[in-house]
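Here the structure comes first, spelled out in structure tokens, and everything after it is commentary.
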Amino acid sequence: MESLHQLMQLLESDRLADLPYSLVLGDVPSSQLAGPWFAHTSVHDLTAVGDGREVLHTDPDTGLTIRCDLRKFEGHEAVEWTVHLRNDGSHDTPLLRDLQALDATFVPVGFEPVLRYARGAVCSMDDFQPLTRAMNAGASLRLQPGGGRSSSDYLPFFNLQLASHRGVLFGLGWSGEWAAQFDRQDDGSVRVRLGQALTHLRLHPGEEIRTPLVLALFYEGEPVEGQNALRRFLLEHHRPQVNGRPVELPIFLGNWGGTAAEVHLSNVDGIAAHDLPVEFYWIDAEWFGKGPWFLTVGDWRPKPDLYPKGFKPISDRLHDTGRKLLVWFEPERVCRGVPWYEELSDWLLDLPPDKRHYNWGQSQQDPEWVRWESQRNQIGEGDWLFNLGIPAAREFLTGQMARCIEEFGLDCFRHDANIAPLEFWRHADAPDRQGLTEIRWVEGLYAFWDELLRRFPHLMIDNCASGGRRIDLETLSRSVPLWRTDYPGDPLGKQCHTYGIAAWVPLQ
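Per our numbering, the very first residue in the sequence shown carries number 73; after that it's consecutive.
See below:
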């Protein structure tokens, strides 16, 4: 494959063997599946600037339907697609495994192909470091983010150079554990496989699952031209909106939440008196619960000694001066001892202590980490993951966060996530349902954000996740990563981070 036209032909093919995505059904790879699969393609409008197609393949024997929703984009050599699998039969499907949202080969022309990619955010000076791998004879590379957050170890974006002045970029929309596999084949082509890292499950009658969203963007010119094409594409098609307009990143003033309201009000008055160019007043963690913030997540009541009248006096004062309010939340984590831990236990995912991972972005020599670890050990195993994959749980959480947004007068909802969810998801799955909890949870995250944005069109969502650990196509469409890494404020490190991430993520 060398062009968008060829990829579109494969995506719209009525032959399973031609499809640029794959799975194993029972013990048979989809490329070898025989029998009377029915194929159907329909064209439908998805946006004013592009067109969409729905390609169906249905197995009358098992009732399995594979649907690919794909979209082309005017003005870009790009296509995106998501694969859905639904059991329309009356019995469980055979085992579905190794589901790849992209499985295709790309042919270099008179050139040794080169893969360009980047580190993710692990609280290091090396965060977002540009990386290069020569895909010479026999080369093989597998990448995963680790821990279940999509940009932890690596960003989910890749630039495969196929000729001296030509290449293709890939992007993933999956806020969980993806995997990317690149292999140089004996015939010289490069096989690319992108998908959820683990799928090994049966679908019950009526169940449907989805794959990660895949972007393939072809470009002409040097690799930097590909990066610029990606940036333009993301700004045009994966940019959140506020009040119907594309978001523009404002100037913020950061403040710690464990600060008295009268101090914040004095700050706001000073900003207004000097007409400082501050557009958002940022209040971070430790404004809630009874105790240190990292031990009271899940208790979203403002500390009465700090905020006796809540946040409304602060947001009102800001709004009177033409400015806005951001407040920190961590909706996914629930600590032992808070009311939600007891009241919502059926909606929490648990995990044995030996499988827990804490990602605070701090060294074990850091005094703050030592203090936190000491206090955590006093109360037991730690944290639980709120199960966004349960519709009733998600509706409850949405209502609670919406109430806070309304009562506080919020303009920006800062969504942090200091918990690695992968092992929670996998621990919850039966052997023949591996990957399902992750799928439902990731779908639930998107539904949670979409509903908040529907209810509050003025709202901006700040996507933190321990500093830049959940950046992908799906999150970029709904949020902006204002705090891109937890690495301390070293100016040289910040310059390095800007150099690395700006090639892939234009808004951060």
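Just so it is clear, CB atoms sit at the ideal spot from N, CA and C, and this is done for glycine as well. Predicted model, so just to flag it, every value in this text is computed and none were measured.
query                                                                                                                                                                                               : result
CB-CB under 6 Å to residue 435, same chain, minus the five flanking residues each way: which ones, in chain order?                                                                                  : Only weak support is given to the placement of residue 435: the predicted model assigns it a pLDDT of 43, under 50, and the question is left unresolved by the model.
Can you find the residues in the same chain that come closer than 6 Å, C-beta to C-beta, to residue 416, ignoring five residues on each side of it along the sequence?                              : none
Starting from the Cα of residue 190, find the closest Cα among 172, 107, 227 and 152 and give me that residue.                                                                                      : 227
Alpha carbon to alpha carbon, how far is residue 328 from residue 400?                                                                                                                              : 10 Å
When the distance is taken between beta carbons, is residue 285 closer than 8 Å to residue 245?                                                                                                     : yes
Quick one: is residue 451 buried, meaning 16 or more other Cβ sit within 10 Å of its Cβ, or exposed?                                                                                                : Note that residue 451 scores 34 on pLDDT, short of 50, meaning its location in the model is unreliable; the coordinates nonetheless yield the value given after this. Result: exposed.
Identify the residues that DSSP records as bridge partners of residue 94: which are they?                                                                                                           : 172
Within 10 angstroms of its Cβ, does residue 310 collect 16 or more other Cβ (buried), or is it exposed?                                                                                             : buried
Measure from the alpha carbon of residue 550 to the alpha carbon of each residue in 256, 306 and 560, then state which is nearest.                                                                  : 306
Considering only C-alpha positions, which residue in the set 179, 177, 318 and 237 is nearest to residue 548?                                                                                       : 318
Just tell me which of 172, 149 and 351 has its CA closest to the CA of residue 101.                                                                                                                 : 172
Using 8 Å as the threshold, is the stretch 524–534 in touch with the stretch 482–498, meaning 3 or more CB pairs across them?                                                                       : yes
Considering only residues of the same chain and omitting the five flanking positions on each side of residue 374, which have a CB-CB separation below 8 Å?                                          : 359, 360, 382 and 383
Are the beta-carbon atoms belonging to residue 552 and residue 535 less than 8 Å from one another?                                                                                                  : yes
Whether or not the stretch 221–238 and the stretch 134–153 are in contact is what I'm after, with contact meaning three or more pairs of Cβ atoms, one per stretch, closer than 8 Å; do they touch? : no
Since residue 510 and residue 497 should fall inside the 8 Å C-beta cutoff, what is the C-beta to C-beta distance between them, to a whole number of angstroms?                                     : 4 Å
Considering only the beta carbon of each residue, do residue 166 and residue 572 sit closer than 8 Å?                                                                                               : no
Using 10 angstroms around the beta-carbon of residue 336, count the other beta-carbons present and answer buried if the total reaches 16, otherwise exposed.                                        : buried
Considering only DSSP beta bridges, list what residue 129 is partnered with.                                                                                                                        : 111 and 138
Using beta-carbon positions only, say whether residue 465 and residue 419 come within less than 8 Å of one another.                                                                                 : yes
Over the uninterrupted alpha helix (DSSP H) stretch that includes residue 350, give me the two end residues.                                                                                        : Segment: none, residue 350 is in no alpha helix (DSSP H) and carries neither H nor E.
Give the DSSP bridge partners of residue 490, in chain order.                                                                                                                                       : In DSSP, residue 490 forms no bridge with anything.
What do you get for residue 110, buried or exposed, if any count of 16 or more other CB atoms within 10 angstroms of its CB means buried?                                                           : exposed
Measure from the alpha carbon of residue 151 to the alpha carbon of each residue in 235, 123, 566 and 209, then state which is nearest.                                                             : 123
What ranges does the beta strand (DSSP E) occupy inside the stretch 313–369, keeping only unbroken runs of at least 3 residues that lie completely in it?                                           : 324–327 and 352–355
Pull up the distance between the alpha-carbon of residue 518 and that of residue 546, whole angstroms please.                                                                                       : 8 Å
Just to confirm before moving on: does the CB-CB distance between residue 315 and residue 569 stay below 8 Å?                                                                                       : no
Classify residue 262: buried if its beta carbon has 16 or more other beta carbons within 10 angstroms, exposed otherwise.                                                                           : buried
Using a Cβ-Cβ cutoff of less than 6 Å, which residues in the same chain neighbour residue 443 once the five nearest sequence positions on both sides are dropped?                                   : Because the pLDDT of residue 443 is 46, which lies under 50, any placement of that residue in the model is unreliable, and the number read from its coordinates should be weighed accordingly. Correct list: empty, nothing qualifies.
By Cβ distance below 7 Å, which residues in the same chain neighbour residue 433 in space, the five residues on each side in sequence not counted?                                                  : Only weak support is given to the placement of residue 433: the predicted model assigns it a pLDDT of 44, under 50, and the value that follows is read from those uncertain coordinates. Contacts found: 195, 538, 539 and 558.
Of all the beta strand (DSSP E) runs that stay within the bounds of the stretch 471–547, which reach a length of 3 or more residues?                                                                : 484–487 and 532–535
Does the beta-carbon distance from residue 507 to residue 268 come in below 8 Å?                                                                                                                    : yes
For residue 81, list the residues DSSP reports as bridge partners.                                                                                                                                  : Its beta-bridge partners do not exist; DSSP assigns none.
Using three-state DSSP, classify residue 402 as helix, strand or coil.                                                                                                                              : coil
Between which two residues does the alpha helix (DSSP H) containing residue 387 stretch?                                                                                                            : 384–392
Compute the Euclidean distance between the alpha carbons of residue 19 and residue 241, then round it to the nearest angstrom.                                                                      : The structure shown does not extend to residue 19, since the chain is modelled only from 73 through 580, so no value can be given for it.
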